[in-house]
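So the sequence lines, in the order shown, correspond to chains U and P. For the first sequence, the UniProt record's numbering gives the first residue as 1, with consecutive numbering after it. For the second sequence, the UniProt record's numbering gives the first residue as 1, with consecutive numbering after it. Positions of the beta carbon are idealized from the N, C-alpha and C atoms, including for glycine. Working notes for the structure below.
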Amino acid sequence: MNAATDRLQATWSDPPGFIGWLTTVDHKRVARRYIATALGFFVLAGLLALAMRTQLAVSENSLIGPDLYNQMFSLHGSAMMFLFAVPVMEAVAVYVVPLMVGTRNISFPRLNAFSYWVYLFGGIMIFVAFFMDVGPEAGWSGYVPLSSSDFSPGKRTDFWAQMITFTEVAALCVAVEIIATVMTMRAPGMTLARIPLFVWAMLVTSFMIVFAMPAVMLSSSFLISDRLVGTQFYNAAEGGDPLLWQHLFWFFGHPEVYIIFMPALGMISSIVETFARRPIFGYVPMVLALVATGFLAFGLWVHHMFATGLPPMGNSFYTAASMLIAVPAGVQIFCWIATLATGRLHLRVALLHVIGFFALFVLGGLTGVMLASVPLDLQVHDTYFVVAHFHYVLIGGAVFPLVGALYYWFPKISGRMLSERMGRWQFWLFFVGFNVTFFPMHYLGLIGMPRRVYTYPAGMGWDLYNFISTVGSYMIAASVLLLVINIARSLRKGEAAPADPWGSPDLSWAVSSPPPSYNFAHIPVVTGRHPLWADDNATPEPRLPVAEGVREDRREVLLTTPVDATPCCRWALPDPSIWPFWSALAITVLFVWSIFDQWGIVWGAIPLAITLTIWFWPKRSDPSLKHDEDEHTDEGRDDGEPRHAA
Amino acid sequence: MSSRCRVELVALVTAMALIASGCDRERRAYHQAPEGTNPGPALTDFQPGSPQPKVASAIGQQYQQNAYHITQGGRLYRWFNCNGCHNNGGGGIGPALMDDQWRYGGSIDQIHSSIIEGRPNGMPAWHGKLTDMQAWQIAAYVRAMSGNVSKAAAPSRREGLAATPPFTQVPEQPPRGSEASAQSPPPQ
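Structure follows, in structure tokens:
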């Protein structure tokens with residue numbers, strides 16, 4: 001610890017205590033609580049699933065009534081999609097991306113803090129609503145007219161629609177931050193062709209969020225105004241169109257699947273590269289596959305709507321587009337297999353999860369190709385076959401890589417190692433339990449069991465498979481419990497983690513575990529695709545070139561050009577502030593108020609405007625605005641020329 | 001750590017308090033046991049001797065605060081052809097229901113009793129045709145027509161042609177005459 005790092009520490013650390021906790025804009029702290037909150041919602045939504053499986057274990061069960069069951073499956077789906085899957089992927093990115101690109105904080109750090117509070121308040125709102133019998137009840141896709149005032153009376157669906165608005169605001173904030181961080185804050189020398197694949201995946205994901213999320217915010221705002229002030233957007237009799245909802249929803253909803261899945265692809269690439277001890281096979285095709293998936297994902301939403309009676313020409317087009325997306329997915333899978341086949345495998349728990357992903361995702365992909373063909377889709381529409389399919393692709397495709405990534409990055413985040421022995425138990429319990437739960441659902445769907453039913457009569461031939469499925473769901477629950485115990489145990493007395501426990505190639509492992517508040521004592525300079533590897537055999541690189549000339553007495557980072565990452569200027573990031581928190585609270589008041597009264601939007605905008613104004617008002621006392629009086633003396637050193645650290 | 005625990009504790013206590021208070025507005029009772037005999041609300045202000053305090057039944061209050069019952073009442077309103085005479089509340093053969101004028105009282109007890117017992121000049125007695133619960137639901141819907149239910153429970157636009165503004169936007173028109181005097185003694 002020398003004088004320079006002391007100064008950095010003084011500049012970048014948060015105020016102590018509760019105020020520091022509330023005002024922090026450190027991407028690592030925000031991401032940590034983002035991840036913890038998302039995992040909390042995952043557990044809550046999982047408990048709902050467990051309750052539903054218990055209800056369905058035997059026929060004509062009366063444990064949960066139809067009304068509560070409707071709310072449970074709707075909240076399960078909504079919470080898993082909106083409060084867990086998208087936020088947790090973004091949260092991991094908020095933690096890892098700034099480290100991977102070698103900078104000191106995420107861009108727009110206050111927006112980042114704001115995003116977390118909005119997300120948290122939205123999540124709390126929907127669960128409090130659920131416990132007050134105002135939970136969502138029209139499914140996670142909220143189709144009109146089922147979700148209209150006629151068929152979903154009261155405020156249940158309004159809370160659901162507003163929960164979507166909350167989480168989408170939060171997601172859009174993070175997407176913008178990640179795009180800006182990747183485009184402008186990469187370490188000098190990290191050209192587009194040297195970005196780690198996880199960062200590429202998050203960049204494409206963030207662009208997808210920017211294009212997809214407004215569609216669902218629009219549709220949910222139309223819905224809430226139909227329900228509150230009686231607009232006719234979705235009323236066929238008055239010239240509205242119920243299909244408008246489905247188009248808007250699935251224009252978001254299908255890219256959403258890839259928004260969840262694509263960060264997982266990036267995680268897999270990181271894990272595979274590290275544990276195969278060689279550079280990824282086919283970096284360029286991998287990047288092109290990511291980008292192609294990002295584009296294609298917007299061209300196939302109508303395959304969710306085959307049963308609505310669209311023209312056959314349209315159906316054929318979307319069938320073709322749906323099958324086309326198997327091509328980039330296949331390219332990536334074969335690249336990973338080639339990497340694994342030619343690498344020297346270290347079969348750790350993180351890699352186990354990735355291998356589990358291969359098995360499950362290929363199965364889910366196969367049923368996906370089946371569902372993409374119109375005749376079969378019409379047969380199994382709204383049956384358990386669909387439930388089986390999307391759990392295979394979502395849990396197999398996103399949750400398995402995510403848990404693997406948790407094992408992979410946990411040492412970096414917490415400074416402690418997770419137990420590998422417990423991890424292996426957890427993995428096998430999860431893998432077996434998952435298949436026991438969801439594989440029978442394929443068969444249940446094919447023999448005609450509809451989804452979203454709270455019970456079924458005896459003698460349909462469904463009893464045994466439902467019972468098996470319920471047994472499997474308890475195995476998954478046991479596995480999640482093991483994971484929670486593993487995390488809790490190693491947070492208390494886990495083995496301390498070195499800076500780079502796995503011998504990974506990217507910059508995030510160049511800093512200590514957990515990283516200091518300023519991330520990098522010197523801004524690193526990148527000369528290849530794998531800054532921490534000296535050669536293609538994963539030999540550790542002893543010396544990392546660094547750039548100097550970034551000020552230590554204010555929160556300054558180095559901005560670089562988008563393509564070549566040549567340094568262009570120094571930029572001061574803002575300091576901790578309480579105002580993102582108050583703004584989030586004000587926007588919460590506005591959103592909840594607007595559920596009950598349209599004037600809430602008008603009057604609620606006043607406190608929001610006040611908080612935002614104070615947030616953005618430049619204050620002379622801000623260290624980030626400190627006058628640059630020693631500009632001239634710094635000028636000569638601000639060329640970003642690589643220098644070797646001692 | 002301790003500060004974080006404190007925040008969580010406060011949130012937990014708040015949430016528990018909210019849950020304990022419950023939310024009757026959203027409860028869905030699909031089946032209900034018969035309520036017993038309705039005492040029969042007074043239909044006019046005239047009464048012998050000194051004014052007697054009138055008690056509104058708690059049953060009616062429950063129905064007109066519950067979103068599901070009001071919406072279900074709207075469905076029944078059309079299924080039992082109430083709109084055949086009253087139209088969508090504007091009146092036709094029968095009197096209008098969306099204004100503040102009531103011949104036999106505009107409280108939910110009085111409307112319920114008008115539905116069950118029938119009234120002279122054409123209003124049939126629905127006793128034996130509707131369950132008691134259904135009569136209460138229709139009565140709650142009729143109250144919503146003149147904006148006399150909670151806005152948080154009122155239904156918005158229907159799926160279908162819009163004949164009236166959505167009830168969430170109808171200004172509240174308390175019944176003139178009978179109910180006002182039924183709730184409070186007339187001025188001396």
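- Straight-line spacing of the CA atoms in residue 114(U) and residue 73(P) works out to 44 Å.
- Residue environment for residue 442(U): buried (at least 16 other C-beta atoms within 10 angstroms of its C-beta).
- One finds nothing in chain P with a Cβ atom closer than 9 Å to the Cβ of residue 489(U); even the nearest lies about 17 Å away.
- For residue 160(P), the nearest beta carbon of chain U is closer than 8 Å to its own beta carbon.
- Note on residue 137(P): 16 or more other CB atoms within 10 angstroms of its CB, so buried under the neighbour-count rule.
- Residue 525(U): not part of any alpha helix (DSSP H); DSSP gives it neither H nor E.
- Boundaries around residue 579(U) are those of the alpha helix (DSSP H), 579-596, since no beta strand (DSSP E) includes it.
- Interface criterion met: the Cβ of residue 149(U) is under 8 Å from a Cβ in chain P.
- Looking at 560(U), 277(U) and 268(U), the one whose alpha-carbon comes closest to that of residue 405(U) is 268(U).
- Cβ contact annotation for residue 297(U) (same chain, cutoff 6 Å, sequence separation greater than five): 255 and 258, in chain order.
- Contact check for residue 77(U) and residue 140(U): beta-carbon distance about 3 Å, within the 8 Å limit, so the pair qualifies.
- Counting only runs of 4 or more residues that sit fully inside the UniProt domain "Cytochrome c" (68-146) of chain P, the alpha helix (DSSP H) segments are 83-86, 108-117 and 132-145, in chain order.
- Measuring C-alpha to C-alpha distances from residue 221(U) to each of 237(U), 209(U), 245(U) and 239(U) identifies 245(U) as the nearest.
- Assignment of residue 515(U) by DSSP, reduced to helix, strand and coil, places it in the coil class.
- Classified as exposed, residue 421(U) has fewer than 16 neighbouring CB atoms from the shown chains inside 10 Å of its CB.
- With 16 or more other CB atoms across the displayed protein chains lying within 10 angstroms of its CB, residue 611(U) is buried.
- Residue 543(U) and residue 349(U) have their alpha carbons spaced roughly 30 Å apart.
- By the CB criterion at 8 Å, residue 276(U) and residue 197(U) fall outside the cutoff.
- Put simply, of 591(U), 595(U), 616(U) and 62(U) the residue whose alpha carbon is nearest the alpha carbon of residue 605(U) is 591(U).
- Between residue 128(U) and the set 526(U), 149(U) and 163(U), the nearest pair of CA atoms involves 163(U).
- Residue 32(P) is not a Cβ neighbour of residue 140(P), given a cutoff of 8 Å.
- Your pair residue 101(P) and residue 230(U) does not check out as a contact, with CB atoms roughly 25 Å apart and the cut at 8 Å.
- When the alpha-carbon of residue 77(P) is set against those of 89(P), 47(P) and 157(P), the nearest one is in 89(P).
- Apart from the 5 residues on each side of it in sequence, residue 48(U) sits with its Cβ closer than 7 Å to the Cβ of 72, 75 and 76 in its chain, given in chain order.
- Of the candidates 2(U), 8(U), 13(U) and 87(U), the residue whose Cα lies closest to the Cα of residue 33(U) is 87(U).
- Residue 562(U) counts as exposed, since fewer than 16 other beta carbons sit within 10 angstroms of its beta carbon.
- Restricting attention to 251(U), 227(U) and 92(U), the CA atom closest to the CA of residue 151(P) is found in 227(U).
- Considering only 538(U), 108(U), 551(U) and 102(U), the residue with the shortest C-alpha distance to residue 30(U) is 108(U).
- Around residue 146(P), no beta-carbon contact reaches into chain U at under 9 Å, the shortest distance being about 17 Å.
- In this model, residue 124(U) and residue 149(U) are separated by some 24 Å (Cα to Cα).
- Any Cβ of chain P closer than 8 Å to the Cβ of residue 238(U) would place that residue at the interface, and such an atom is present.
- A contact between stretches requires three or more CB pairs, one per stretch, nearer than 8 Å, and the stretch 410-427 of chain U meets this requirement with the stretch 485-493 of chain U.
- Distance check between residue 100(U) and each of 117(U), 66(U) and 531(U) places 531(U) closest, using alpha-carbon atoms only.
- A direct Cα-to-Cα measurement between residue 262(U) and residue 271(U) gives close to 14 Å.
- With respect to residue 387(U), residue 445(U) sits close: the two C-beta atoms are nearer than 8 Å.
- Annotation for residue 560(U): the continuous beta strand (DSSP E) segment containing it runs 556-560.
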